[in-house]
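Chemist:
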Amino acid sequence: MRRIERLFVPLADPGDPSEDLGAAGYRGPDTDRSGERRMITRTRFFSVHLSRSARSGPPPDPPPPPAPSSGLWWQLVAVAVLLGGLVVALALQTPTSSTLSYSDFVDRVDAGTVQQVTIDDRGSAYGTLSDDTEFVTQLPTALNLAGLDAKLRAKQVQVSAEQTDDSPWAAILLSMLPFVVFAGLLLWVGRRAQRAFSGGGIGGMGAFGRSKARVIEANRPTTRFADVAGYDGVKQEVSEVVDFLRDPEKYAAAGAKGPRGVLMIGPPGTGKTLLARAVAGEAEVRFLSVTGSEFVEMFVGVGASRVRDLFEQARKSPPSIIFIDEIDAIGSKRGVGTYAGNDEREQTLNQLLAEMDGFDQSVGIVVLAATNRPEALDPALLRPGRFDRTVVIPLPTQSERAAILAVHLQGKHFGPDVDLSVLARATPGFSGADLANLVNEAAINAVRDDRTVICADDLSSARDRLLLGRRESANALLPDERTSVAVHESGHALLAALCPHADPVAKVTILPAGMALGSTQQLPEVERHLYSEGYLNDLLTVRVGGRAAELVVFGEGSTGAADDLSGATRIAVRMVREFGLSEAFGPVGYGSGDPNYLHADTSERSLVRPYSEHTQQLVDREVARLLRAAEERAVALLTQHRAALDRLAAILVEEETVDGEVVLDVLRAEADGARPQRLGTT
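Just so you know, the UniProt record's numbering puts 554 at position 554 of the sequence shown, and the rest follows in order with no gaps.
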């Protein structure tokens, strides 16, 4: 089996048709591969030397520990004393001896099991039995107890007498002690709660009404633009905010006003929060960071109070930046999904609108916000004067991915076979967070093999794990299943090599990983932003190629093509309904019907259709026609190249994993007239 250096690639853009344009894989019918990503080719790696640029200053010193509060210490001691007294009082009141009736007591005296007894002037008696068990009893003073005295003497029981205190106050106080301790504890807790609610804070809410914003002072070293890899256009967009905070007089002299708010939108993991910290670091001003979910609590009015307190903190030390992460938690459209007459979230939003519209621009306060759901925000929040600018932070490009990888590889040892340009080309559609996770998984793979140097194989294994799942060595296929999977994946690979617009094959494997029994991985030669009709038709042909290979070799299909058919159907639906690539349907585009355009969730798209049932029937017919045409084309090509299909399937059964060059070699050998033994029946 030849050694293979391989890398995998995700989809380019979740918002474009490439969300469904990925590598075909052989899976079971219940497999969900909505996050499927495209693959890359076998490639050579070159040595890369990274300069470890210095960060923007030494790491910040840890904050000093808070000074101990003597008042709080004494309060804790008081609570401990009260609880201890309560425990002691309950222990004193808890009976530790057994109670005997007078008859039982007399019987035990007759039996000689009573060792000692003490009798008071009220007839109460207590003592010890022969087994050291304590007892208490009450003697009936109305009876003649002379006979009992004689029995005690006869049995040589030690008898003592004691006189009780005539005052009942001791017993009364002792019985009331637990209630006094409990009442004192309730009083102390009530006083503490009263001070918390009325002892300061905006709106009389005290600690509940105060903002939970985390403050980064201007004199502390923090993130700079140099620490944000890539995104040069985005950094240029927000650099004017930094310039305004540094030199507001320049804008005032020209009669211009700096931006009051900047809204950053983009998919998760693209670095919106990191960019906000970089803005604060470049401007060297106070930075107040809070998330949208921290405003609203269980108490009414807390959200509005915290908004007021947040802006009050910013006004006390201008210039400053207020950063609200996940602002859609409080900035969603009002009146949507509200069933009660009063919505605490809407009160918080109204207060935020008032604060952003009311603070003096000369104070030097800029509001930054981040969200990945811009379509859910209230229009009043987005109007000029509140958020003057909207900065879109998309998924990184190839050059930006290379820069991000360089940052994440700093401080790590990697081998000379790792080429950052190849890695960047291999990861279209990866966000900065995805790339960080990829490098971390590769480092874990190296540690698992007792190494400290990350090599290309570690990165390949990390992609396998992220894209397909962990490989299970115990998940061995039956011999017939291995042959079926090999034929299925060979069909995908050969059609990818035969179709002129298809992406080249990177790797073919029949090793199960996650829910996939095998996969054919392709490498896009370039990052596409537009897809031609020819490319999409070839994509459909490659998608149904696994099923077509099964039909050619075995004469029947299997459940392994379920995911392929699902992905091909999604592509065909968009070709007909959105892209106008159907002759029968015409140049009509209805759109996806999904307002959440930053995500590729299609679960609700079919619920709202802006066309009639007759139009839907026409769409269904056209989708079926496209899929049937793709399958017929795939069957014809594989029948024509049956020798190559059999040869590649046999190689896969033997070697389990091959690269794209093997696929091309098989096609060249077929052209030279080699005739391998056929698999299955036709």
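All residues carry an ideal CB built from backbone N, CA and C; glycine is no exception. Small disclaimer: the values here were computed from a predicted structure and weren't measured.
Considering only DSSP beta bridges, list what R286 is partnered with.
Modeler: S320
Chemist: Return the residue from the list A493, I510, A486, V447 that minimises the CA-CA distance to D503.
Modeler: A493
Chemist: Can you tell me which of the three DSSP states G127 falls into?
Modeler: strand
Chemist: In or out: R33 buried (at least 16 other Cβ within 10 Å) or exposed?
Modeler: Per-residue confidence for R33 stands at a pLDDT of 40, beneath the threshold of 50, marking its modelled position as unreliable; the derived number appears in the next sentence. Buried, since its Cβ has 16 or more Cβ neighbours within 10 Å.
Chemist: So, helix, strand or coil for E525, using DSSP?
Modeler: coil
Chemist: Give the straight-line distance between the Cα atoms of A671 and I651, rounded to the nearest whole angstrom.
Modeler: 17 Å
Chemist: Can you tell me whether F179 is buried or exposed? The criterion is at least 16 other CB atoms within 10 Å of its CB, across all chains shown.
Modeler: exposed
Chemist: Specify the secondary structure class of T657 as computed by DSSP and reduced to three states.
Modeler: Correct three-state label for T657: strand.
Chemist: Identify which residue in V117, Q138, T113, R425 has its Cα closest to the Cα of D131.
Modeler: T113
Chemist: Where does E632 land, buried or exposed, given buried means 16+ other C-beta within 10 angstroms?
Modeler: Label assigned to E632: exposed.
Chemist: For the segment 321-329 and the segment 363-375, state whether three or more C-beta atom pairs, one from each stretch, are separated by less than 8 Å.
Modeler: yes
Chemist: Here's a check: name, in chain order, each residue in its chain whose Cβ is nearer than 7 Å to the Cβ of L664, leaving out the five neighbours to either side.
Modeler: A497
Chemist: When you compare only the Cα positions, how much space is there between R605 and R570?
Modeler: Residue placement at R605 cannot be trusted, given a pLDDT of 46 that sits under 50; what the coordinates show is reported in the next sentence. When rounded, the separation of the alpha-carbon atoms in R605 and R570 is 12 Å.
Chemist: Flag this pair as yes or no: are the beta carbons of P318 and I365 separated by less than 8 Å?
Modeler: yes
Chemist: Is it buried or exposed, V262, if we count other Cβ atoms within 10 angstroms and call 16 or more buried?
Modeler: It is buried - the Cβ of V262 has at least 16 other Cβ atoms within 10 Å.
Chemist: Consult DSSP for D503 and reduce its assignment to one of helix, strand or coil.
Modeler: coil
Chemist: Going by DSSP, which residues form a beta bridge with I454?
Modeler: F414
Chemist: Work out the CA separation of D227 and V238 for me, nearest whole Å.
Modeler: 15 Å
Chemist: Please report the distance separating the alpha-carbon of R315 from that of G331.
Modeler: 22 Å
Chemist: At which residues does the alpha helix (DSSP H) containing I444 begin and terminate?
Modeler: 432-448
Chemist: Below 8 Å on the Cβ atoms is my contact criterion, and I expect residue 683 with F585 to pass it. Report the Cβ-Cβ distance as a whole number of Å.
Modeler: It is not possible to answer for residue 683, since the shown part of the chain is limited to 1 through 682.
Chemist: Using the C-alpha atoms, what's the distance from E525 back to D417?
Modeler: 21 Å
Chemist: Sort T133, T128, R334, V658 by Cα distance to I510 and report the nearest one.
Modeler: V658
Chemist: CB residue 683 to CB G429, shorter than 8 Å?
Modeler: Nothing about residue 683 can be reported from this structure: the residues present for the chain run from 1 to 682 only.
Chemist: I need the boundaries of the alpha helix (DSSP H) containing I404, first residue and last residue.
Modeler: Looking at the DSSP string, the run of the alpha helix (DSSP H) that includes I404 is 398-409.
Chemist: For my contact list, V573 and T639 are in at a C-beta cut-off of 8 Å; report their separation, rounded to the angstrom.
Modeler: With a Cβ gap of about 28 Å, V573 and T639 do not count as contacting.
Chemist: DSSP three-state call for S305: helix, strand or coil?
Modeler: helix
Chemist: Take T141 and list the residues in its own chain whose beta-carbon comes closer than 6 Å to its own, dropping the five residues that flank it on each side.
Modeler: G123
Chemist: Go to I571, then tell me how far its alpha helix (DSSP H) extends in each direction, as first and last residue.
Modeler: 562-577
Chemist: Start and end of the alpha helix (DSSP H) containing F105?
Modeler: 102-111
Chemist: Exposed or buried, what is M176 when buried is set at 16 or more other beta-carbons lying within 10 Å of its beta-carbon?
Modeler: exposed
Chemist: So what's G230 in DSSP terms, helix, strand or just coil?
Modeler: Of the three classes helix, strand and coil, the one that applies to G230 here is coil, per DSSP.
Chemist: Do you know how far the Cα of E583 is from the Cα of L536?
Modeler: 15 Å
Chemist: Consult DSSP for T559 and reduce its assignment to one of helix, strand or coil.
Modeler: helix
Chemist: Kindly list the residues whose CB is nearer than 6 Å to the CB of A229, restricted to its own chain and excluding five residues on each side of it in sequence; keep chain order.
Modeler: A403, I404, V407
Chemist: According to DSSP, is F295 part of a helix, a strand, or is it coil?
Modeler: coil
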